[in-house]
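Asker:
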Amino acid sequence: MIQIAIIMGSTRPGRRVADVAGWVAEAAGRHPAVKAGEAGVELVDIADYGLPLLDEPAPAVIGFYQHEHTKRWAATIARFDGFVFVTPEYNSAIPAALKNAIDYLYAEWNDKAAGIVSYGVYGGIRAAEQLRQTMAEIKVADVHAQVAINPFYDFDFTDSAAGVVAPGERQEALLTTMLDEVLEWSRALQPLRGTATHEKDPA
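Have a look at this one:
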């Protein structure tokens, strides 16, 4: 079974990422491959890992992790075959917490596929483009299809001034296409993932 992590890319108090990622998980549960038991999806919240500003003395490419928070984060990411990153846009970029979480690891990301669900006033598209650049450096195949959530069109403000995430059928159709691509690439890259290993302790 292909395992896909839905990574919640913000740790800010009052964040909307839990709402958007919840919609992604709910809609993903209706995907034919998930319903057939051929794929599984799991929410992964970087806020649960208590990652400080990158504090590993060795570069992530070495794979010589010293801190327990890093080892725990690495063990989680290593379990998955692909990812859906759910990210807001902060000042035309991804949140620092998401970039920090990505930078902690290397081999655990390699030769896997990823899709992006972004959100913000402009749909989070500038954050998504920045995230694509980072994916290339960690050997993640980011798929073409993308979902951009705009609060003016994809939130329901009927009963709440803060609004409730309520993307329509068009957005779910885009998400389904994106998941199709993530699953296809995750399967195609399986032979390469078996060869990824950390370098030995240089000491």
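Its first residue numbered 1064, the sequence shown is counted upward by one per residue in this note's numbering. We put the beta carbon where it would ideally sit given N, CA and C, even for glycine.
Give the C-beta separation of residue 1126 and residue 1167 to the nearest angstrom, bearing in mind that I take them to be a contact with Cβ-Cβ under 8 Å.
Answerer: Numbered from 1 along the sequence shown, position 63 holds the residue referred to as residue 1126. Numbered from 1 along the sequence shown, position 104 holds the residue referred to as residue 1167. About 11 Å separates the two Cβ atoms, so there is no contact after all.
Asker: Would you check if the distance between the CB atom of residue 1074 and the CB atom of residue 1110 is smaller than 8 Å?
Answerer: In the sequence shown, counting from the first residue as 1, residue 1074 sits at position 11. In the sequence shown, counting from the first residue as 1, residue 1110 sits at position 47. The answer is yes: Cβ separation under 8 Å.
Asker: Might you give, ordered along the chain, the residues of its own chain that have their beta carbon closer than 7 Å to the beta carbon of residue 1081, omitting 5 neighbours on each side?
Answerer: By one-based count along the sequence shown, residue 1081 stands at place 18. If we look at residue 1081 and ignore the five residues flanking it on each side, its Cβ neighbours are 1071.
Asker: Can you tell me whether residue 1076 is buried or exposed? The criterion is at least 16 other CB atoms within 10 Å of its CB, across all chains shown.
Answerer: For this step, residue 1076 is matched to residue 13 along the sequence shown. Exposed is the call here.
Asker: Just the C-alpha distance for residue 1252 and residue 1202, rounded to the nearest angstrom, thanks.
Answerer: As a position in the sequence shown, residue 1252 is number 189, starting the count at 1. As a position in the sequence shown, residue 1202 is number 139, starting the count at 1. Using only the alpha carbons, I get a separation of about 11 Å.
Asker: If you follow the alpha helix (DSSP H) that residue 1121 is part of, which residue opens it and which one closes it?
Answerer: Position 58 of the sequence shown, counting from 1, holds the residue named residue 1121. Taken as a continuous stretch (DSSP letters only), residue 1121 belongs to no alpha helix (DSSP H), as it is neither H nor E.
Asker: What does the alpha-carbon distance come out to for the pair residue 1090 and residue 1223?
Answerer: Within the sequence shown, numbered from 1, the residue matching residue 1090 stands at position 27. Within the sequence shown, numbered from 1, the residue matching residue 1223 stands at position 160. Their backbone Cα atoms lie some 22 Å apart in a straight line.
Asker: Would you say residue 1150 and residue 1179 are within 8 Å of each other, going by their C-beta atoms?
Answerer: Taking the sequence shown and counting its residues from 1, one reaches residue 1150 at position 87. Taking the sequence shown and counting its residues from 1, one reaches residue 1179 at position 116. Contact: yes.
Asker: Could you give the C-beta distance for residue 1107 and residue 1182, rounded to a whole number, given that I count them as a contact under 8 Å?
Answerer: Within the sequence shown, numbered from 1, the residue matching residue 1107 stands at position 44. Within the sequence shown, numbered from 1, the residue matching residue 1182 stands at position 119. Wrong, their Cβ atoms sit about 17 Å apart, outside the cutoff.
Asker: Please report the Cβ distance between residue 1065 and residue 1246, rounded to the nearest whole angstrom; I am assuming they are in contact, meaning their Cβ atoms lie under 8 Å.
Answerer: Taking the sequence shown and counting its residues from 1, one reaches residue 1065 at position 2. Taking the sequence shown and counting its residues from 1, one reaches residue 1246 at position 183. That belief holds up - the Cβ atoms of residue 1065 and residue 1246 are roughly 6 Å apart, short of 8 Å.
Asker: Alpha carbon to alpha carbon, what distance is there between residue 1099 and residue 1159?
Answerer: Stepping through the sequence shown from its first residue, residue 1159 is reached at position 96. Stepping through the sequence shown from its first residue, residue 1099 is reached at position 36. C-alpha separation (whole angstroms): 37 Å.
Asker: Tell me whether residue 1212 sits in a helix, a strand or coil according to DSSP, three-state version.
Answerer: Reading the sequence shown from its first residue, position 149 is the one you call residue 1212. It is a strand residue.
Asker: Is residue 1184 helix, strand or coil when you go by DSSP?
Answerer: Counted from its first residue, the sequence shown places residue 1184 at position 121. Note: residue 1184 maps to coil in three-state DSSP.
Asker: Kindly indicate the opening and closing residues of the alpha helix (DSSP H) around residue 1082.
Answerer: Here residue 1082 refers to the residue found at position 19 when the sequence shown is read from its first residue. Taken as a continuous stretch (DSSP letters only), the alpha helix (DSSP H) holding residue 1082 covers 1080-1091.
Asker: Look up residue 1109 in the DSSP assignment and say whether it is helix, strand or coil.
Answerer: Here residue 1109 corresponds to residue number 46 of the sequence shown, with the count starting at 1. If DSSP states are grouped into helix, strand and coil, residue 1109 belongs with the helices.
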